[in-house]
Every structure is written in C-alpha cells, then in structure tokens.
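Residue numbers (our numbering), protein chains in the order written: chain A, 671 to 783; chain B, 6 to 113.
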Amino acid sequence: DAMVIQNPRYQVTQFGKPVTLSCSQTLNHNVMYWYQQKSSQAPKLLFHYYDKDFNNEADTPDNFQSRRPNTSFCFLDIRSPGLGDAAMYLCATSRGGDWVEAFFGQGTRLTVV
Amino acid sequence: AQRVTQPEKLLSVFKGAPVELKCNYSYSGSPELFWYVQYSRQRLQLLLRHISRESIKGFTADLNKGETSFHLKKPFAQEEDSAMYYCALRQGAQKLVFGQGTRLTINP
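Written out as structure tokens, the structure is:
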C-alpha cells in the first residue's frame, strides 16, 4: 500500500554524469515536492509542482531540474552532479489547497563518485 | 527569515521517564506547526500538528506564541519512541520548512 514511491532507493553516479531520480504517487495529490537532505541537516526544499505549475526555490542551483509529465510521476534531474550533491533526496506529496499533511517517500540516497 | 530550530541533535532518556523535544520558530504571522517522525528504516511521517490539538502515541505539543516554541512532550517514554523527530513550519500555502531534527533514544 505504498503511497509515495521513490526509485531507486540507492543511486551511485559518476561526477558530472547526468542522473535522474524518480517519484510516483498513488494518492492523486496535486502537489509534489523534492527535498534534499544532507547528513545531519534539515530537509531542504528544492522545488515543487502544484499540478503543472513549477515552483523553484530561489537558492536551488540550476544544476537541478524537475519534470512532472502527469499527476502520478515527478522526476529530479541533476545535470552535472558534483561531490556536494551527494545526499538523500526525498519526494513528498500533498493534496494542495488547505492541506493538512505531506506524505513522503522513503528517499533515494545519491552517491557521487 | 522563517526558521525552525531544534537545539538538541541527540536526546537520550530512560524508559518511563518524561520526554521533551524542543522546537523554536521564527515566523512573521500566524504559524502552522507540525511534528514529523522517522522510525528506523521507515519514511518520514506526520506525528501531529498544532491545529488539531490532538495527542498521538501519547505525545502532545502546545504552541506558545510568546516563547515562539512548539515543544513535543510525552510523560512516559517507551522504547518504540526511539526515532528521529523533526519540527516543521508551514511557509506560505504549500511549503514546509524543517528543523534539523532530534534523534531520540529511549534506553531500557
């Protein structure tokens, strides 16, 4: 009964090699979020989609992009991963409007070698 | 700037003892605050939110606007409470801003 599914759970990529992380949801929620969480730090919002509207955080590097081809799927693209991009990436959803709860996936741990 | 601060990275208490996880916030307006919990090998999930004023798994949290705090409390800790706890603030319509988290360990 997983509701927010992230694939893969672990991803190893080479320095500078583009990588894509994926997230799917079965909740039919309007909003999908991507957070970056580095070791011992707070999850940091990178961007979110409200339906098809993309909302980027002001301090998210251009190296990070996102796509949402339909309600169920959202992708995080890292165009040229650096060593500093190694982190846990969390996908979350909410129903939008006056939502009361965000639902999280289990995360993808990205290693850059 | 809107910010959430959890001053303790680690907290260790004995089973049956009271627990208090601290959270302070800065927000210009009427804040909406949450506690999220992450048990070992599980996803981050909502524990409680201040609006509902509910008690979940014996935990409560009261919003204190004067002290800008939203501390999480439980009178008698249980071993299954060991987890990572995050305080979060709703920013704008759709965003959540998280604190750094407190790792709670309950010793038998």
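Positions of the beta carbon are idealized from the N, C-alpha and C atoms, including for glycine.
Cβ-heavy atom distance, residue i to the ligand PLP, below 7 Å
{"i": "Met-758/A", "result": "This structure lacks the ligand PLP; in fact it carries no ligand of any kind."}
Cβ-Cβ distance between residue i and residue j below 8 Å
{"i": "Gly-697/A", "j": "Thr-778/A", "result": "Gly is not the amino acid found at residue 697/A; the sequence shown has Leu there. No, these two residues do not count as a Cβ contact at 8 Å."}
{"i": "Tyr-720/A", "j": "Gly-766/A", "result": "yes"}
{"i": "Glu-727/A", "j": "Phe-717/A", "result": "yes"}
{"i": "Val-24/B", "j": "Ala-88/B", "result": "no"}
{"i": "Gln-711/A", "j": "Gln-47/B", "result": "no"}
{"i": "Tyr-759/A", "j": "Leu-691/A", "result": "yes"}
{"i": "Gln-7/B", "j": "Cys-28/B", "result": "no"}
{"i": "Gln-676/A", "j": "Cys-693/A", "result": "yes"}
{"i": "Leu-16/B", "j": "His-76/B", "result": "no"}
{"i": "Pro-713/A", "j": "Phe-103/B", "result": "yes"}
{"i": "Leu-53/B", "j": "Glu-59/B", "result": "yes"}
{"i": "Thr-107/B", "j": "Lys-20/B", "result": "no"}
Collapsed DSSP secondary structure at residue i in the structure displayed
{"i": "His-699/A", "result": "coil"}
{"i": "Glu-25/B", "result": "strand"}
{"i": "Leu-753/A", "result": "helix"}
{"i": "Asp-723/A", "result": "strand"}
{"i": "His-76/B", "result": "coil"}
{"i": "Ser-692/A", "result": "strand"}
{"i": "Ser-31/B", "result": "strand"}
{"i": "Ser-57/B", "result": "helix"}
{"i": "Asp-747/A", "result": "strand"}
Member of the options whose CA lies at the smallest distance from the CA of residue i
{"i": "Trp-704/A", "options": "Ser-710/A, Phe-685/A and Phe-724/A", "result": "Phe-724/A"}
{"i": "Leu-101/B", "options": "Tyr-30/B, Pro-12/B, Leu-15/B and Lys-14/B", "result": "Tyr-30/B"}
{"i": "Asn-112/B", "options": "Arg-54/B, Ala-22/B and Thr-10/B", "result": "Ala-22/B"}
{"i": "Gly-34/B", "options": "Lys-78/B, Leu-53/B and Thr-73/B", "result": "Thr-73/B"}
{"i": "Thr-683/A", "options": "Gly-775/A, Ala-756/A and Gln-776/A", "result": "Ala-756/A"}
{"i": "Gln-50/B", "options": "Phe-745/A, Met-673/A, Thr-730/A and Gly-686/A", "result": "Met-673/A"}
{"i": "Tyr-91/B", "options": "Pro-80/B, Lys-79/B and Leu-109/B", "result": "Leu-109/B"}
{"i": "Lys-722/A", "options": "Pro-739/A, Cys-761/A and Phe-685/A", "result": "Pro-739/A"}
{"i": "Ser-801/A", "options": "Lys-687/A, Val-782/A and Met-702/A", "result": "Outside the shown range of chain A, which is 671 to 783, sits residue 801/A, and nothing can be said about it."}
{"i": "Gly-775/A", "options": "Cys-761/A, His-699/A and Val-783/A", "result": "Cys-761/A"}
{"i": "Met-754/A", "options": "Asp-729/A, Leu-780/A, Phe-745/A and Thr-741/A", "result": "The amino acid occupying residue 754/A in the given sequence is Gly; Met does not appear at that position. Comparing Cα positions, the closest option is Leu-780/A."}
{"i": "Val-782/A", "options": "Arg-679/A, Pro-678/A and Phe-685/A", "result": "Phe-685/A"}
Contact with chain D by residue i, beta-carbon distance below 8 Å
{"i": "Gly-34/B", "result": "The structure shown contains no chain D; its protein chains are A and B."}
> Do the region 765–773 of chain A and the region 739–753 of chain A touch if we need at least three Cβ pairs shorter than 8 Å?
Replying inline: no
> Are at least three pairs of beta-carbons, each pair with one atom in the region 69–84 of chain B and one in the region 96–103 of chain B, less than 8 Å apart?
Replying inline: no
> Is there contact between the region 31–48 of chain B and the region 60–80 of chain B, where contact requires at least three CB pairs shorter than 8 Å?
Replying inline: yes
> According to a CB-to-CB cut-off of less than 9 Å, which residues of the region 708–725 of chain A neighbour chain B?
Replying inline: Ser-710, Gln-711, Ala-712, Pro-713, Lys-714, Leu-715, His-718, Tyr-720 and Asn-725
> What are the residues of the region 690–701 of chain A that lie near chain B, defined by any Cβ-Cβ distance shorter than 7 Å?
Replying inline: Val-701
>> Output needed in chain order: residues of the region 747–777 of chain A with a Cβ under 9 Å from some Cβ in chain B.
In response: Leu-760, Ala-762, Ser-764, Gly-766, Gly-767, Asp-768, Trp-769, Val-770, Glu-771, Ala-772, Phe-773, Phe-774, Gly-775, Gln-776 and Gly-777
> What are the residues of the region 37–51 of chain B that lie near chain A, defined by any Cβ-Cβ distance shorter than 9 Å?
Replying inline: Phe-39, Tyr-41, Gln-43, Arg-46, Gln-47, Arg-48, Leu-49, Gln-50 and Leu-51
> Can you list, in chain order, the residues of the region 91–104 of chain B whose Cβ is nearer than 7 Å to any Cβ on chain A?
Replying inline: Gln-99, Lys-100, Leu-101, Phe-103 and Gly-104
>> Which residues of the region 10–24 of chain B have a Cβ closer than 8 Å to any Cβ of chain A? Give them in chain order.
In response: Lys-14
>> Any C-beta of chain A within less than 9 Å: which residues of the region 51–63 of chain B qualify?
In response: Leu-51, Arg-54, Ile-56 and Ser-57
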